[in-house]
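S.K.: Sending over a structure as structure tokens; questions will come in a sec.
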Amino acid sequence: MCGIVGLFLKDKALEPELGRLTAAMLHEMCGRGPDSAGFAIYGSASDGTSKICAVRRASALDWADVAARLGEATGSKVTYETIEDHAIIRIDGDGVAARAWLIENVPEATVLSEGEAIEIYKGIGDPDAISQRLRLASFSGTHAIGHTRMATESAVTIAGSHPFSTGRDTCLVHNGSLSNHNRLRETLRRHGERFQTENDTEVAAGYLSWRMKEGDSLQQALEHALDDLDGFYTFVVGTRDGFAVLRDPIACKPAVMAETDAWVAFGSEFRALAALPGIDGARIWEPAPATVYAWSRS
Amino acid sequence: MSPSVRVGMKATHERQNTGLDMASLSLRQVNESLQKAEAGSFVVSHPRGAHALAAGLVSPIDVTVEGHVGYYCGGMNQEASITINGNAGTGVAENMMSGRVHVKGDASQSAGATGCGGLLVIDGNASARLGISLRGLDIVVKGSIGHMAAFMAQAGNIVVLGDAGDALGDSIYEARLFVRGKVKSLGTDCIAKEMRDEHRALLRGLLDAAGIGPEVDVSEFTRYGSARKLYNFHIDNLGSY
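Protein chains in written order, with my numbering: chain V, 117 to 414; chain H, 10 to 250.
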């Protein structure tokens, strides 16, 4: 199982509604993934600062101390705010280096995302309770991806929850399971990718990050994934300006898409899309297997 | 409930065009109303992708669903005539026994899977695994179909006005497949066969039943079926297994 939702807005007027619409979509997918849930929200990019989202694994963590140590280590200005067990750390400097420092030096936290626009939040348990606790409905932004997980390949932990992000402003959610992730993880480590879990989906996220660092567009990275990833998958991928969908060649996992002049949406089932504004006039289709569907903001 | 148990029960819904609005009624309430009815016409509104809607119907009632449905709509249908004015999710009309299911939009995977009888008409496209393990249901698709259609199909007929995807009719038994467009690839033990008069008559009857007029000519179709090499293990066919 597992449930996926994605919403990519074309109409700016809907941006304040992004979180509310995503929460309603995620609600419909609770039954497909009651173990954990997570969501990525792409807000407007800020003034050159990087945002790092992290969640504490310990029952308490002194985020002020973490921010101070990070500032000292990187020589950058660091600020932070918290939402429940998550912290959004803003750094006026090299966000990639800051992410690496946090992974090395703060084992009590899991780093969820790094970038100018992306924020990722995750929790264990009932997806509705998670989106309420983390105030999903209050977020505005340009696009969002959500996931409800029924765990198969690794334990029910925050770290094993989706979305996975290993590269700047890039995230991926997955319904399915990969069979060649162990070997591919080792290959990607040799290429310099950094992994925090034993989860198969994180390897897919790392693979796309690596391909895009090598110069692939999102479309090209996903076309390469068809050759290099073995297993069952429906992926929804977000980048700072883009949104893409890919299903494995036998279309093992469900998918339905809809598009209007105002938005593009993805759902594991149609009921996730049924409440979107203008759905009655939307073009609705099932994405074909082994076919990359990609949108980007110009 | 078996049909014999219903004999002597009083019909609970005999009004014409009974409206069932899922904005206010639960899925269970709607299905219970439809399953208990012995006659009449029903219009279900605001389905919003609900699963297993109008499944397990056992009487010759008319049901029209206004909107898109989720999984297994019309599953196990006996005698009822169900029209979906929208798209259908996975497994529409799966294991139907008799009656008619008509999808006005597209159908997702495994439409009509394991169907034993009746007629399933899909006006749009159907995706993967249409009519897998078919056991007597007739399916007419006006658009195109995805991969692995008619996998291990045993009996019944599938008519496709558009194209078929990969591995059509893999490991097929005695179902008949009629495709007007291109077939991307045939599955193991599925071959093109001669269209004889009895096949042309059968196909014409299926098109008529689906409301498709003489503008669609049976001579445009190719018939596919089993090469019958996989029925029993034979060492000469090892490469085909």
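Yeah, the Cβ is synthetic: ideal placement off N, Cα and C, and Gly gets one too.
Measuring CB to CB, does residue 237/H end up less than 7 Å from residue 208/H?
M.R.: Position 228 of the second sequence, counting from 1, holds the residue named residue 237/H. Position 199 of the second sequence, counting from 1, holds the residue named residue 208/H. Cβ atoms of residue 237/H and residue 208/H: not closer than 7 Å.
S.K.: Is any beta-carbon of chain H found at less than 7 Å from that of residue 386/V?
M.R.: For the purposes of this step, residue 386/V is taken as the residue at position 270 of the first sequence. For residue 386/V, the answer is yes, since a Cβ of chain H falls inside 7 Å of its Cβ.
S.K.: Less than 7 Å between the C-beta atoms of residue 75/H and residue 54/H, yes or no?
M.R.: If you number the second sequence from 1, residue 75/H lands on position 66. If you number the second sequence from 1, residue 54/H lands on position 45. For residue 75/H and residue 54/H, yes; Cβs fall inside 7 Å.
S.K.: List the residues of chain V whose Cβ lies closer than 7 Å to the Cβ of residue 132/H, in chain order.
M.R.: Here residue 132/H corresponds to residue number 123 of the second sequence, with the count starting at 1. Here the premise fails: no neighbours, minimum Cβ distance about 14 Å.
S.K.: Given this structure, state the Cα-to-Cα distance separating residue 261/H from residue 202/H, to the nearest angstrom.
M.R.: Not covered by the structure: residue 261/H. The range shown for chain H is 10 to 250.
S.K.: What does DSSP give as the partner residues of residue 221/V in its beta bridges?
M.R.: As a first step, residue 221/V must be located in the first sequence, where it is residue number 105. DSSP lists no partner for residue 221/V.
S.K.: State the start and end residues of the unbroken alpha helix (DSSP H) segment that holds residue 297/V.
M.R.: Start at 1 with the first residue of the first sequence, and residue 297/V comes out as number 181. From DSSP, the alpha helix (DSSP H) with residue 297/V extends over 297-306.
S.K.: Under 8 Å Cβ-Cβ, which residues of chain V neighbour residue 287/H?
M.R.: This structure cannot settle anything about residue 287/H, because the visible part of chain H is limited to 10 through 250.
S.K.: On the DSSP letters alone, give me the boundaries of the beta strand (DSSP E) that residue 246/V sits inside.
M.R.: Here residue 246/V refers to the residue found at position 130 when the first sequence is read from its first residue. Careful: residue 246/V lies outside any beta strand (DSSP E), inside the alpha helix (DSSP H) at 243-249.
S.K.: Provide the residue span of the beta strand (DSSP E) that contains residue 107/H, from first to last.
M.R.: Translated into the one-based positions of the second sequence, residue 107/H becomes position 98. Element bounds for residue 107/H: n/a, residue is neither H nor E.
S.K.: Would you mind working out which of 284/V, 256/V, 119/V and 125/V sits nearest residue 159/V, comparing C-alpha positions?
M.R.: Sequence index remark: in the first sequence, residue 159/V carries index 43 (1-based). Closest by alpha carbon: 256/V.
S.K.: So if I threshold CB-CB distances at 8 Å, which residues from the region 348-370 of chain V count as touching chain H?
M.R.: Residues passing the 8 Å Cβ filter: 366, 367 and 370.
S.K.: Using C-beta distances below 6 Å, list every residue in its chain close to residue 262/V, excluding the 5 sequence neighbours before and after it, in chain order.
M.R.: For this step, residue 262/V is matched to residue 146 along the first sequence. The answer, listed in chain order, is 121, 138, 142 and 155.
S.K.: At a Cβ threshold of 7 Å, is residue 58/H touching chain V?
M.R.: Residue mapping note: residue 58/H aligns to position 49 of the second sequence, counting from 1. With 7 Å as the cut-off, residue 58/H counts as an interface residue toward chain V.
S.K.: Does the beta-carbon of residue 259/V have 16 or more other beta-carbons within 10 angstroms, so that it is buried, or is it exposed?
M.R.: Within the first sequence, numbered from 1, the residue matching residue 259/V stands at position 143. Buried, since its Cβ has 16 or more Cβ neighbours within 10 Å.
S.K.: Mind reading off the beta-carbon distance from residue 153/H to residue 190/H? Whole number of angstroms is fine, and I expect it under 8 Å.
M.R.: Indexing the second sequence from 1 puts residue 153/H at position 144. Indexing the second sequence from 1 puts residue 190/H at position 181. Rounded, the Cβ-Cβ distance is 7 Å, consistent with contact.
S.K.: For residue 205/H, which of 222/H, 185/H and 216/H has the nearest alpha-carbon?
M.R.: On the second sequence, residue 205/H is found 196 positions in, with the first residue counted as 1. The option with the nearest alpha carbon to residue 205/H is 185/H.
S.K.: For the region 90-111 of chain H, enumerate the residues whose C-beta is nearer than 7 Å to any C-beta of chain V, in chain order.
M.R.: If the cut-off is 7 Å between Cβ atoms, the region 90-111 of chain H has 96, 98 and 99 near chain V.
S.K.: Could you name the residues of the region 137-167 of chain H whose beta carbon sits closer than 8 Å to any beta carbon of chain V, in the order they occur along the chain?
M.R.: Here the close residues are 137, 155, 156 and 157.
S.K.: Work out the CA separation of residue 266/V and residue 30/H for me, nearest whole Å.
M.R.: Indexing the second sequence from 1 puts residue 30/H at position 21. Indexing the first sequence from 1 puts residue 266/V at position 150. Approximately 32 Å between the Cα atoms of the pair.
S.K.: Report the neighbours of residue 217/H on chain V: residues whose CB is nearer than 8 Å to its CB, in chain order.
M.R.: Position 208 of the second sequence, counted from the start, is the residue given in the question as residue 217/H. Neighbours of residue 217/H on chain V: none; closest Cβ ~29 Å, over 8 Å.
S.K.: Does the count of Cβ pairs from the region 226-243 of chain V and the region 177-191 of chain V closer than 8 Å reach three?
M.R.: No, they do not touch.
S.K.: Which one of 282/V, 281/V and 163/V has the shortest CA to CA distance from residue 232/V?
M.R.: For the purposes of this step, residue 232/V is taken as residue 116 along the first sequence, with counting starting at 1. The candidate whose alpha carbon is nearest that of residue 232/V is 163/V.
S.K.: What three-state label does DSSP hand residue 395/V in the structure shown?
M.R.: Within the first sequence, the letter at position 279 stands for residue 395/V. Looking at residue 395/V - three-state DSSP - the assignment turns out to be helix.
S.K.: Look at the Cβ atom of residue 275/V, then the Cβ atom of residue 226/V, and state whether they are nearer than 7 Å.
M.R.: Numbered from 1 along the first sequence, position 159 holds the residue referred to as residue 275/V. Numbered from 1 along the first sequence, position 110 holds the residue referred to as residue 226/V. Taking 7 Å as the Cβ cut-off, residue 275/V and residue 226/V qualify as a contacting pair.
S.K.: Can you list the residues of chain V that residue 115/H reaches, using a CB-CB cut of under 9 Å?
M.R.: Position 106 of the second sequence, counting from 1, holds the residue named residue 115/H. Per Cβ cutoff of 9 Å: 400, 401 and 402.
S.K.: Given that a residue counts as buried once 16 or more other Cβ atoms are within 10 Å of its Cβ, and exposed if not, what is residue 38/H?
M.R.: Position 29 of the second sequence, counted from the first residue, corresponds to residue 38/H. Under this definition residue 38/H is an exposed residue.
S.K.: Give me whichever residues DSSP pairs with residue 169/V in a beta bridge.
M.R.: Here residue 169/V corresponds to residue number 53 of the first sequence, with the count starting at 1. Bridge partners of residue 169/V: 204/V and 229/V.
S.K.: Find out if the Cβ-Cβ distance for the pair residue 79/H, residue 59/H is shorter than 7 Å.
M.R.: Locating residue 79/H in the second sequence gives position 70, counting from the first residue. Locating residue 59/H in the second sequence gives position 50, counting from the first residue. Contact: yes.
S.K.: Return yes when at least one heavy atom of the ligand NAP lies under 6 Å from the C-beta of residue 406/V, else no.
M.R.: The ligand content of the structure shown is nil, which means the ligand NAP is not present either.
S.K.: In the DSSP assignment, find the unbroken alpha helix (DSSP H) run with residue 40/H in it and report its ends.
M.R.: In the second sequence, the residue the question calls residue 40/H occupies position 31. It spans 36-45 - the alpha helix (DSSP H) in which residue 40/H sits, taken as one unbroken run.
S.K.: Ends of the alpha helix (DSSP H) at residue 206/H?
M.R.: Translated into the one-based positions of the second sequence, residue 206/H becomes position 197. It spans 206-218 - the alpha helix (DSSP H) in which residue 206/H sits, taken as one unbroken run.
S.K.: Alpha carbon to alpha carbon, how far is residue 422/V from residue 202/V?
M.R.: Because residue 422/V is not part of the residues shown, which for chain V are 117 to 414, the question remains open.
S.K.: Which term fits residue 221/V, buried or exposed, when burial requires 16 or more other beta carbons within 10 angstroms of its beta carbon?
M.R.: Your numbering for residue 221/V matches position 105 in the first sequence. With fewer than 16 Cβ atoms within 10 Å of its Cβ, residue 221/V is classed as exposed.
S.K.: Sort 136/H, 235/H and 94/H by Cα distance to residue 197/H and report the nearest one.
M.R.: As a first step, residue 197/H is located in the second sequence; it is residue number 188 there, counting from the start. Looking at the Cα atoms, 235/H is the closest of the given residues.
S.K.: Could you spell out where the alpha helix (DSSP H) holding residue 329/V opens and where it closes?
M.R.: In the first sequence, the residue the question calls residue 329/V occupies position 213. Residues 316-329.
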